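**Q**
Number of protein chains: 2
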Amino acid sequence: MTDASGIVSSLDRAGYRLTEPRRVVAGLIAERDGHFTAADLVDDARRQRLDVGRATIFRTLELFTELNAVERVDLPSGDHAYVECEPIHHHHVICSLCQRTTEIEACGMPAVARDVARRTGFRIQSHRLELFGVCPDCQAAASRRG
Amino acid sequence: MTDASGIVSSLDRAGYRLTEPRRVVAGLIAERDGHFTAADLVDDARRQRLDVGRATIFRTLELFTELNAVERVDLPSGDHAYVECEPIHHHHVICSLCQRTTEIEACGMPAVARDVARRTGFRIQSHRLELFGVCPDCQAAASRRG
DNA sequence: TACCTAATGAGACTCAGTATCGTCAAGGCC
DNA sequence: GGCCTTGACGATACTGAGTCTCATTAGGTA
């Protein structure tokens, strides 16, 4: 659970209209913890009887992605999901139990990319790194259960 | 272009039947360079008038993935693709011009994962790393064109 | 050769994501 | 405040990837 105002103000800054549906989608994202799919937001909206069309949710997610307010991640299952995030280069660590997502800076990655470039001759332009594991809370909960 | 016999023999070793459709799919994969989608193979099969059903191609790709003869990768576009590969842990460097794919060992990645674990408290179980760039051939071709 | 059963192909189905189009409302201007 | 332009909207049709079902076929074995 974070605050939707960050997303809304970045919309404003980029010169996009502040419409009701966009506020609603920003709110739905803010009240989520961890990653979510477009379908999750469609469900949330319907459950809360918020009148937002399916197409609008897809459009809005695309817009927010462009503004770097959310980022697409690919889960091990192959599903596409989104996470709310800060607009700087970083990666995600995703808890496979509670789905909570933590951002990390790409420490160490530039060295890996350089090494790969040296050994393959590729000019590396971008990379995608996602880490999956168990978060501290879930580890603690598991050890409490024995 | 590689050899389909590796895939076929790993089928055999794992106790799966060596059927004609599976040989055909292995052949189609072997004659491809770089990544391909399930739809690509469906097209290839139809163009070469090889009688292999669409469902069979999906099933066979799933099987080959399980045998680690191919691996799923997620392109920056969000599309799902596959690459033929060796059955050891590694990552891919994908040329964004010619689509050619090179395997690299995960040199340096264990250190990155350890560092992330230390800083976030997560117990890291797996990771996914894909690098995108321009391969040596395409760099050379580009510089020849000026 | 006959048998068992895993594998197949056809085709219906589901569901994510996109495209179209007529309507509506945000926000700038007077 | 009222008007106007146009970006954004919702409804809905569409597309295409991937899955599921089921009757049929063929690989491997005795």
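For the protein sequence lines, the chains are A and F, in the order given. Offset between the first sequence (1-based) and the numbering used here: plus 185. Offset between the second sequence (1-based) and the numbering used here: plus 185. Glycine is no exception: its CB is placed at the ideal position from the N, C-alpha and C atoms. Keep in mind it's a predicted model, so treat the numbers as computed, not measured.
1) Need the endpoints of the alpha helix (DSSP H) that residue 324 of chain F sits in, please.
2) Threshold first: 4 residues or longer. Then list the alpha helix (DSSP H) segments lying entirely within the region 202–283 of chain F, N to C.
3) CB residue 211 of chain F to CB residue 242 of chain F, shorter than 8 Å?
4) Per the contact definition of three or more C-beta pairs closer than 8 Å, is the region 263–271 of chain F in contact with the region 206–223 of chain F?
5) Could you work out which residue in F/259, F/285, F/294 and F/311 is closest to residue 324 of chain F when comparing CA atoms only?
6) Using the Cβ count rule (16 or more neighbours within 10 Å means buried), how would you classify residue 203 of chain A?
7) With three or more C-beta pairs closer than 8 Å as the rule, is the region 287–307 of chain F touching the region 232–246 of chain F?
8) Among the residues of its own chain, which have a CB less than 6 Å from the CB of residue 316 of chain A, if the five just before and after it don't count?
9) Taking the beta carbon of residue 259 of chain F as the centre, do at least 16 other beta carbons fall within 10 Å, making it buried, or is it exposed?
10) Pick helix, strand or coil for residue 191 of chain A, following the three-state DSSP scheme.
11) Any beta-carbon of chain F closer than 8 Å to the one on residue 265 of chain A?
12) Taking C-beta pairs closer than 8 Å, name the residues in chain F that residue 259 of chain A reaches, listed in chain order.
13) Classify residue 329 of chain F as buried or exposed, calling it buried when 16 or more other Cβ atoms lie within 10 Å of its own Cβ.
14) Listed in chain order, which residues of the region 277–306 of chain A have Cβ atoms closer than 8 Å to some Cβ of chain F?
15) In chain F, which residues lie with their C-beta within 9 Å of the C-beta of residue 310 of chain A?
16) Less than 8 Å between CB atoms is the rule here; does residue 324 of chain A satisfy it with respect to chain F?
**A** Taking the definition as stated:
1) As a position in the second sequence, residue 324 of chain F is number 139, starting the count at 1. Start and end: 321–329.
2) 205–215, 223–232 and 239–251
3) Along the second sequence, read from residue 1 onward, the residue named residue 211 of chain F stands at position 26. Along the second sequence, read from residue 1 onward, the residue named residue 242 of chain F stands at position 57. No.
4) yes
5) Position 139 of the second sequence, counting from 1, holds the residue named residue 324 of chain F. Out of F/259, F/285, F/294 and F/311, F/285 has the C-alpha closest to the C-alpha of residue 324 of chain F.
6) Position 18 of the first sequence, counted from the first residue, corresponds to residue 203 of chain A. The residue in question, residue 203 of chain A, is exposed, as its Cβ has fewer than 16 Cβ neighbours within 10 Å.
7) no
8) As a position in the first sequence, residue 316 of chain A is number 131, starting the count at 1. Taken in chain order, the residues that qualify are 278.
9) By one-based count along the second sequence, residue 259 of chain F stands at place 74. That one is buried.
10) As a working mapping, residue 191 of chain A is identified with position 6 in the first sequence. Residue state, collapsed to three classes: helix.
11) Taking the first residue of the first sequence as position 1, residue 265 of chain A is located at position 80. Judged by the 8 Å Cβ criterion, residue 265 of chain A is in contact with chain F.
12) Start at 1 with the first residue of the first sequence, and residue 259 of chain A comes out as number 74. Within chain F, the residues near residue 259 of chain A are 259, 263 and 313.
13) For the purposes of this step, residue 329 of chain F is taken as residue 144 along the second sequence, with counting starting at 1. Residue 329 of chain F comes out exposed.
14) 278, 280, 281, 287, 289, 292, 293, 294, 296, 297, 298, 300, 301, 302, 304, 305 and 306
15) To locate residue 310 of chain A, count along the first sequence from 1; it is residue 125. 281, 316, 317, 318 and 319, listed in chain order.
16) Counting from 1 along the first sequence, the entry for residue 324 of chain A is found at position 139. Cβ-Cβ to chain F under 8 Å: yes for residue 324 of chain A.
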